[in-house]
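Working notes for the structure below.
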């Protein structure tokens, strides 16, 4: 985000210094992406500071730890529609300030050499369930929508000067949004249910779900746990060491349980 854009956002904030304190570039750029022309920023709603208030919804940007905003989101949902935006780093580039002179250096300073590489880390939409196991109430709750973004980001790092197991650790100075690669929007119970294959026969298990989606059984277990806690699925005993699940009756899908 440019300095002028950040300054404009700060000048429009109704509660400056609260939500803007320590705000990352990534967070600020996503706020700008979701703000309508009539948006208000950093608005105090019943004692809670909301990132963006559009005419038709509240928008909360959360780049980590969805559990930390669950109570806030559910409280806001009693007053209107809330959209939670969560970015997943599908692609990550790392820029490192080169040389020992970078310790304590100004990242905006001129003349600092940069080394850029692509991180081998790859993540997909299903990584959202790492967060949702700690915040299952955000799934299919009335007035709560979740936008999961696959993004390309650049991290600016420097050597921190702190040794850990014989190596200097990196300090992340900033994260910048390079591109939104894909967006998946969950506005309703049906959107969440459509994430599951409709052609699985019999009770759902982590093994069967993992195979159908091409993901690890551990990730499939997270999905089933979250859906069960959200009331979309119900446990139906075990098949060996694997728990079995069926769709809750109110979903109207597949084999159901009452």
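Numbering (the numbering used here), first residue to last: 824 to 1081.
Cβ coordinates follow ideal geometry from the N, Cα and C atoms, glycine included.
Computed from a prediction, not measured in an experiment: that's the story for all the values here.
Three-way DSSP call (helix, strand, coil) for residue i in this model
i            : result
residue 944  : coil
residue 1064 : coil
residue 1049 : helix
residue 1076 : coil
residue 969  : strand
residue 1041 : helix
residue 994  : strand
residue 1056 : strand
residue 1024 : coil
residue 861  : coil
residue 1071 : strand
residue 1010 : coil
residue 1035 : helix
residue 784  : The structure shown does not extend to residue 784, since the chain is modelled only from 824 to 1081, so the question has no answer here.
residue 1018 : coil
residue 978  : strand
residue 844  : Low local confidence applies: a pLDDT of 47 at residue 844 is under 50, so the model's placement there is unreliable, with the coordinate-based value given in what follows. In the structure shown, residue 844 sits in coil (DSSP, three-state: anything other than H, G, I, E or B).
residue 837  : coil
8 Å Cβ shell around residue i - same chain, five flanking residues per side excluded
i            : result
residue 1030 : 1040, 1043 and 1065
residue 807  : Only positions 824 to 1081 of the chain appear in this structure, which leaves residue 807 out of reach.
residue 871  : 895, 898 and 899
residue 1062 : 1026 and 1028
Cut-off 6 Å between Cβ atoms - residues of its own chain near residue i, not counting five sequence neighbours on either side
i            : result
residue 1052 : 959
residue 1003 : 972 and 974
residue 808  : No answer is possible for residue 808: the residues shown for the chain start at 824 and end at 1081.
residue 1046 : 952
residue 877  : 859 and 862
residue 889  : 954 and 958
residue 995  : 978 and 980
residue 873  : 866 and 881
Residue i vs residue j beta-carbon contact at 8 Å
i            : j            : result
residue 997  : residue 847  : yes
residue 1000 : residue 849  : yes
residue 955  : residue 1049 : yes
residue 1055 : residue 1016 : yes
residue 859  : residue 900  : no
residue 908  : residue 961  : no
residue 865  : residue 836  : yes
residue 886  : residue 910  : yes
Same chain, Cβ closer than 7 Å to residue i, neighbours up to 5 away in sequence not counted
i            : result
residue 1059 : 1026, 1067, 1068, 1069 and 1080
residue 1007 : 948 and 971
Does the contact criterion of 3 or more C-beta pairs under 8 Å hold for the stretch 872-888 versus the stretch 940-947? Proximity of the stretch 872-888 to the stretch 940-947 falls short of the contact definition, fewer than three beta-carbon pairs being nearer than 8 Å.
Is it a yes or a no for the stretch 962-969 touching the stretch 896-913, going by three-plus beta-carbon pairs under 8 Å? yes
What runs of the beta strand (DSSP E), each 3 residues or longer, lie entirely inside the stretch 867-933? 871-877, 880-884 and 905-920
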